[in-house]
Amino acid sequence: MAPKARKTGEPLEAEETLQAVIIADSYEDRFLPFTLERPRCLLTLANMPLIEYTCEWLASVGVEEVFVCSGNHTDQVETYLNNSRWTKDTSPFSVEVVRSTEPSVGDAMRDLDQKGLMKGDFICIYGDVIANIPFDAALKAHRARREKSKNAIMTMVLREAGDYHRTKDQHHRRCFVIDPETDRCIHYEQVRPRTSPRLNIPEEVLKDHVEIDMREDLIDCGIDIYTLDALAQWSDSFDWKLPRQDFVHGVLQDFETFGRTIHTHIISEGYAARVNTLRAFDAATQDVVSRWAFPYCPDTNILGDQSYQLQKGNVYKEDGVVLARSSTVSHGSVLGKATSIGEGSVITNSVIGRRCVIGRRVEIENAYIWDDARVGDDTVIETAVIANEASVGKKCHVKRGALVSYGVRIANGVTVEENTRITRFKRKRGYDNDEVCQGVTDSKVVGEGGEGFRLELDEDEEDMHEAMLAGTQEMNITTDGDDISDFESGDEEDEYAHSREPTSRSGSFTSIASDESGETKRDHAKFHREASDSIFDGLQREQDPDHIQLELQAQRLTENAEDNQIRRAVAVAFSRRIANLIEGGRTAKEAVATAILPNQRLIKACVKEASEQAEFLLFLQTDSVHRAQGSKVLLHVAFVLAGEDMVDGDGLEMWWEDPRSVATEELKKVRAETKPVVDQMAGESEDDDEDEEEDDDDE
Amino acid sequence: MPSSVVGQTPSLTTFLKSLKQNDIENSIELFISLLKRRQIKNSRPCAIATTHLLLRVVAEPKRKWDAQKLIARVRHVGRRLIAAQPREMAVGNIVRRVLGVIREVAERDEDPLTDSEISGSASPITGEFQRPALPTRFSEFSPLHGAAAMPHNMHSGRPGTADSMAMEFGGTPQRPALLSTNASYAGQGPPGTSLFSILQHPQGRSPMATPPPGTQSPVTGPSPSRRAIAGEIPEKLDIKAEVIDGIKELQDELDVVDNQIAESALDHIHSNEIILTHTSSQTVQKFLLTDARKRKFTLFHAEAYPNNHEATHATILNGAQGEDDSDERWKPLTSLGITVILIPDTAVFALMSRINKVILAPHAVLANGSLIAAAGASTIALAAKTHHVPVVVLSGVYKLSPVYPFDTDELIEYGDPSKVVPFEEAEFTDKVDIVNPLYDWVDCDLVDLYITNLGGHAPSYLYRIVADHYRMEDIDLNAKQDAVVKKG
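Chains R and F supply the protein sequences, listed in that same order.
In terms of the UniProt record's numbering, the first sequence opens at residue 1 and continues consecutively.
In terms of the UniProt record's numbering, the second sequence opens at residue 1 and continues consecutively.
Structure, rendered in structure tokens:
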């Protein structure tokens, strides 16, 4: 047994220090609108910032050096850490904030690798993990494996959680195929929501392993033990973004070539969970309040200035809480310092921050009210989040799933509908980075004299869409329905899969034509993202197509982009816009018409020749694959494009015959419905388009 | 044994090792966070860690302590430690014991001077400094147990009574020092036993205790001179060294406490008795082992599910492995030919009629003779009461706390419910509240005998031991340090 090396003293003997990387940036928008103004890791869960839980756990396993990778809101993270006990002399580990502007976990990892900060095996953890699991065993097992084989490059720590568990990601089912003998993860797949639970297990896997476990009952708590080799892997594959879908999947696929293995460590005691969705936020809060995460419960008073006391029924009160005699605080509630609750108010299963003022006869159930919020008399708040300094007027009704962001004021007598996200700020997509700017108050939403507006999720409307569907599925399962599940959405892996899939897929398409080096490919990805965002933004705001065109041109010049990239960006932007409209309640046909017809010039500008048209369609098709009603949209788009002469018969035919458009099963499926249009157009390309009217009726 | 080189989970062992390298503030913070994370838990590890930490605090290099500064410093550290985990009462106990040591050293240093300076005057007498007069404390303690938690209010609340009470009790012969552990400090000053001085003793105590504001204490007069003396003392006497010796003795006490308790085993357990015990307490095991060498008895061992059953099973099977805090090892009872029967906690009542004696190990013992012990102890004690089976509690003095249990609920810690229902049982976590209390509170009338390292005591006698070990002024560490402020 070696003595522990101290952070201050020189390392004894030839010891390594245990290092950890906290990925503080979520690179995603699950917590909009809150994450507009604050990084996710500083959101409070049971009145303590999430990153504190993570740091506590790291300290409890004896980590001595921590690097915090942060992209968004780095300043806030840094300020917070600088004022916290983690940067004091007495901190059990040293903390360094690594700034990176790149927008994914993969980029952050590559950044780390470049800087060469890591000295040996390290723990990689998200800034939103709550855990109390013992870690010695995992580390020991990992080291033992490393001793045996240098190819065991990573260990994932997974928590058993049974079939259905509130803390487990419900609709993103992660399947791990594990060889129980070596704990090796031999296949990883994420079963997409709303698809049949089918795994594509490679044949070799079945051949090579005598025994395999297929497990879907694991909470992926986002705690991994990396080796330097694993970090190098990230660098080798510049387009990997997500630790699971890209990294794990990629490494496993390359097993034949490189022989690198990824292992799992499955724990069956202790608590570990990621707060990566609002639903997880809800579940984790309940877990913390009902002491599953012991000792990380409010009454442990982990932060020096806390003074929570546990009372019967898991009610935690801090010093200086003022309760009116006739108020009731029941079951699973947490009340912060100097909060006052008026006469006749009933608080159930809710977390209320510090210095909140709750009026009289207020009913609050399953709600999360953060510091300094105010709630007026006779208001009812159901499962909702009211952020810092927000105020809700008298006689209001905040319905299930509403999110009221920082500083929003809701006037008296307003009903906040279910799943509304109200904020004062919105994100403006810029070329280089997003700006957050103040939005215009919408008095329809917040009432006269209120402040704030309804946030429409411009960025990942697709995601939202999916979330809603998933939400309804969820509701069927949980009949009691007290979860914030409606706006629950997938996790970043999935989201990124969305925005990424076209990237990589068309990336591979373009690479057929041109030999791109990795560097340019990366540039292209960046250009694509920015361009499609800005086009989409323009479409969304129904700007003049010339204007959008101009903007696009400017971007193109700065990035020195090629034509096919522009086509791709345009295609993706339209596809998103259409999906957005569909989600807004339009039918596919209407949506296509609304999106495309006023903006014909935009498409015409980039699509001239038949080959270009074919490519454009291909991009559209690729993008439609993962959209709701994708095949229908594609049909209508093809129809409209043909009808308005943006695409001619040759183009359609070329597209149809292109081997790339039938490259996968999904692609085939999505284009199946479009067949009649193509047949017709291809056949009658000379005849002009007389029969289109009836064709339309057919649909 | 952990073979890993890096990233050892912090524990008592790593804490003690790190003490040597870390500076003091780091060590304090580390201990606080270990307490909060429950990585150091239970009375003995807490007590050991606290003594080591306080030793470091006192021995802080480049600091010259005078008594008051040292007291203030230790109090400050103590408050932080107690706030970190108020339910580990051993921490507070040790802090108070150390404060007592410091005060004693300070007084010892002061006494000769005082004597020479104001001999014959109505000055306090050294004997009272030495061992704060019990009768007075008795008077403050017994009628109102509550005084334990707020002695200062009590004191200042009724300035007159302290005097009159003291007069009343003044005549009672002072008890000889009954402490073995503290004996080393006792008897070093000249015993002052003149009748006059005895009558004067309430004032005599006042330099160390809070002077009652209302009382015309003669000492408040000469206090300036006293202060001057106090200032000189550090030069003359090495308070630091003395206190360090005192703390080391405390550490020794912690080391031998189990053996001392075990010494009386033969007086309590007789041949062919049937004993019931609970949890995997080291103290109890040693006690039983000592007896088992001479006699045969039968042991029923309640397994203390769900928080301690694994440790209990291991103890029954293997004895101590020497893994934890000490390198001590011992054989399991079964290897000495003792019949050990493991029973679930629920079977206790059914078996109680066959049992001759219940032996419990507490987590903490409170001033009024009640105790906090692992969950299940209350059931056992009640069952024993019903069957008129004597309950014997084995407890080191370090577990004895001057805290009076006003709210017994507050003293009980609630742990991780996954011990009761596994986390995987999603239905449970969603629909049922699961509660896992770690401790039980057992009232004093359910206990028949306490065996400490000082010997056996009735629960009603514990207040005396409390009074002997803790200074009135240290009982509430959060109270304003009037005395200290005035003096220092």
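Where is the CB? At the ideal position from N, CA and C, for every residue including glycine.
Query, Result
"Chain-order list of residues whose beta-carbon lies under 8 angstroms from that of R146 of chain R (same chain, five-residue window excluded)", "D121, A152, T227"
"Residues that P362 of chain F bridges to, as DSSP identifies them", "F:A373"
"Per-residue burial, K385 of chain F [other beta carbons within 10 Å of its own, 16 or more giving buried]", "buried"
"Contact list for K36 of chain F against chain R, beta-carbon separation under 8 angstroms", "P295, T300, N301, I302"
"Cutoff 8 angstroms: Y414 of chain F Cβ touching any chain R Cβ", "yes"
"Coil, strand or helix - K150 of chain R by DSSP", "coil"
"Beta-bridge pairing of K426 of chain R - partner residues as DSSP gives them", "R:C437"
"Interface residues of the segment 404-436 of chain F facing chain R [CB-CB below 9 angstroms]", "D409, E410, E413, Y414, G415, D416, P417, S418, K419, P422, F423, E424, E425, A426, E427, T429, D430, K431, D433, I434, V435, N436"
"Outcome for C437 of chain R when other beta-carbon atoms lying within 10 angstroms are tallied against a minimum of 16", "exposed"
"Chain R within 8 angstroms of E310 of chain F, Cβ atoms only", "no"
"Interface residues of chain R facing S378 of chain F [CB-CB closer than 7 angstroms]", "Here the premise fails: no neighbours, minimum Cβ distance about 17 angstroms."
"With 16 other Cβ atoms within 10 Å as the buried cut-off, status of E56 of chain R", "buried"
"Cβ contact (3+ pairs, closer than 8 angstroms) linking the segment 426-445 of chain F and the segment 372-381 of chain F", "yes"
"R421 of chain R versus A569 of chain R: straight-line alpha-carbon distance, rounded", "29 angstroms"
"Top-ranked residue by Cα proximity to H142 of chain R, from R:I266, R:G353, R:K604", "R:I266"
"Own chain, CB closer than 6 angstroms to I94 of chain F, minus 5 neighbours either side, in chain order", "A47, T50, T51"
"Where D433 of chain F falls: helix, strand or coil (DSSP)", "coil"
"7 angstroms Cβ cut-off: residues of chain F touching T90 of chain R", "E25, N26, E29"
"Interface flag, S485 of chain R vs chain F, CB-CB below 8 angstroms", "Bear in mind that the predicted position of S485 of chain R carries a pLDDT of just 35, short of 50, making it unreliable; the figure below should be weighed with that in mind. It does not: the Cβ of S485 of chain R has no partner Cβ on chain F nearer than 8 angstroms."
"L46 of chain F, enclosing alpha helix (DSSP H) - first and last residue", "First, the residue type needs correcting, since residue 46 of chain F is Cys and not Leu in the sequence shown. It spans 43-58 - the alpha helix (DSSP H) in which C46 of chain F sits, taken as one unbroken run."
"Which listed residue (R:T54, R:L218, R:I223, R:S326) has its alpha carbon closest to that of A138 of chain R", "R:I223"
"Bridge partner(s) assigned by DSSP for R184 of chain R", "R:D179, R:H263"
"R556 of chain R beta carbon less than 8 angstroms from that of I548 of chain R", "no"
"Proximal residues, the segment 116-139 of chain R versus chain F, C-beta separation under 9 angstroms", "G120, D121, I123, N132, P134, F135, D136, L139"
"Stretch-stretch touch, CB-based, cutoff 8 angstroms, three pairs: the segment 271-289 of chain R with the segment 229-236 of chain R", "no"
"Chain F within 8 angstroms of W86 of chain R, Cβ atoms only", "no"
"Any chain R beta carbon closer than 8 angstroms to S43 of chain F", "no"
"Residue from R:D183, R:I212, R:M154 with nearest C-alpha to R244 of chain R", "R:M154"
"Exposure label - L158 of chain R; buried when at least 16 CB within 10 Å", "buried"
"Classification of D623 of chain R by the beta-carbon crowding that lies within 10 angstroms, buried from 16 upward", "buried"
"Completely contained beta strand (DSSP E) runs for the segment 70-126 of chain R, where each covers 3 or more residues", "94-99, 122-126"
"Nonlocal neighbours in the same chain, by C-beta distance under 8 angstroms from D111 of chain R, ignoring five residues either side", "C69, V98, S100, E102"
"Sub-8 angstroms separation of G313 of chain R and S326 of chain R beta-carbons", "no"
"Within 9 angstroms of chain F by C-beta, residues of the segment 154-169 of chain R in sequence order", "R159, E160, A161, G162, D163, Y164, H165, R166, T167, K168"
"Cβ shell of V421 of chain F (< 6 angstroms), same chain only, five flanking positions each side left out", "F428, I434"
"Beta carbon proximity, Q260 of chain F to chain R, threshold 8 angstroms", "no"
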